[in-house]
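Okay, so here's the structure we're looking at.
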Amino acid sequence: MKRLISNLRRRTKPLWLNIFALLLGIVLVAAAFPLSGSTSYASKVNYLPDITLTNQNSQTMSLSSLRGQPVLVGFIHTMCKGVCQMMTANMRSVALALPPAMVSGVTMLLITTDPAEDQPPQLLQYAKTQDLAGKRWILVTGSENSIKRVMRLYGVKHEETDDAMMHVMKLFLLAPGGTLARVYPGMKMSPQTVVSDIETLSYRNSNAASEHPGAH
């Protein structure tokens with residue numbers, strides 16, 4: 137009998153080991169699927185580098201100045217009357233779905249793919265036509281080299297078809313630090329899914345700030 141009990145003890149894991157294994161599994165799953173949505177990324181590349189552009193109000197700015205809060209990024213050219221307007225409308229739906237407390241804590245960034253045609257007056261008119269009101273909406277253009285640098289960073293091709301610029305049918309969600317968090321199929325995305333992802337990023341950022349108040 138003593139031998140049987142001894143064998144059972146050797147074969148049976150302590151309860152705390154089972155609980156630890158279960159908790160570890162939960163943590164690993166949560167880390168693998170950090171946000172809801174289309175495609176998640178764990179890249180350390182900064183998608184808001186120190187590249188100087190010009191916004192719709194003819195103000196010079198660096199993309200790096202947008203770090204500090206989530207940024208939803210889309211690419212357009214103002215002469216596009218179909219796909220670009222639909223992508224913009226989807227971004228506007230996300231903006232309208234944001235809880236009131238988060239409205240000022242998210243940047244909606246539209247980058248032209250056609251800097252030769254899209255100067256600040258064209259971007260400003262596009263913002264008015266598409267009802268993109270408020271400081272959170274930033275539309276930018278720049279030199280051809282600057283725009284090409286940005287497009288390469290986001291993996292966007294800078295090519296023209298026979299009759300128009302190529303369309304970028306993706307939206308990019310950036311974490312407050314400028315790293316890429318999500319890429320959405322812009323024509324089929326759910327605004328509420330994007331809002332949920334933004335809320336998650338904002339929550340993580342506020343927690344990090346409270347834990348490290350002196351960090352920059």
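Its first residue numbered 137, the sequence shown is counted upward by one per residue in the working numbering. Each residue gets a CB set at the ideal place from its N, CA and C atoms; glycine is no exception. Model, not experiment: these values are computed from the prediction.
Within 7 Å, strictly: CB atoms of residue i and residue j
i, j, result
"valine 207", "leucine 316", "no"
"glycine 210", "leucine 268", "no"
"valine 276", "leucine 337", "no"
"methionine 227", "methionine 238", "no"
"leucine 184", "glycine 314", "yes"
"serine 198", "proline 256", "no"
Buried versus exposed call for residue i [16 or more other C-beta atoms within 10 Å across all chains shown]
i, result
"lysine 271", "exposed"
"alanine 166", "With a pLDDT of only 37 at alanine 166, under the threshold of 50, the placement of this residue in the model should not be trusted, and no figure is reported."
"aspartate 186", "exposed"
"lysine 264", "exposed"
"lysine 217", "exposed"
"methionine 223", "buried"
"tyrosine 262", "buried"
"arginine 318", "buried"
"glycine 291", "exposed"
Residues that residue i bridges to, as DSSP identifies them
i, result
"threonine 188", "Ser198"
"proline 321", "Lys306"
"glycine 210", "Leu246"
"valine 276", "Asn191, Ile247"
"leucine 259", "Paired residue(s): none; leucine 259 is not in a bridge."
"leucine 316", "Leu310"
"asparagine 182", "Thr315"
Rounded straight-line distance, which links the Cα of residue j to that of residue i
i, j, result
"aspartate 181", "asparagine 191", "The sequence given here places valine at residue 181; aspartate does not occur at that position. Taking the straight line joining both Cα atoms gives about 24 Å."
"serine 201", "proline 312", "11 Å"
"threonine 196", "proline 321", "30 Å"
"aspartate 250", "histidine 213", "6 Å"
"glycine 204", "serine 332", "18 Å"
"glutamine 225", "leucine 307", "Looking at the sequence shown, residue 225 is not glutamine but alanine. Rounded to whole angstroms, alanine 225 to leucine 307 spans 12 Å at the Cα level."
"isoleucine 283", "threonine 248", "8 Å"
"alanine 252", "valine 242", "28 Å"
"glutamine 221", "tryptophan 273", "15 Å"
"valine 304", "lysine 324", "13 Å"
"leucine 259", "glutamate 280", "16 Å"
"serine 229", "arginine 340", "23 Å"
"methionine 215", "arginine 285", "22 Å"
"aspartate 254", "glutamate 335", "32 Å"
"glutamine 266", "leucine 289", "27 Å"
"lysine 293", "methionine 287", "7 Å"
"serine 240", "valine 219", "27 Å"
Original post:
Would you call the segment 314-329 and the segment 222-241 touching, i.e. three or more CB-CB distances under 8 Å?
Top reply: yes
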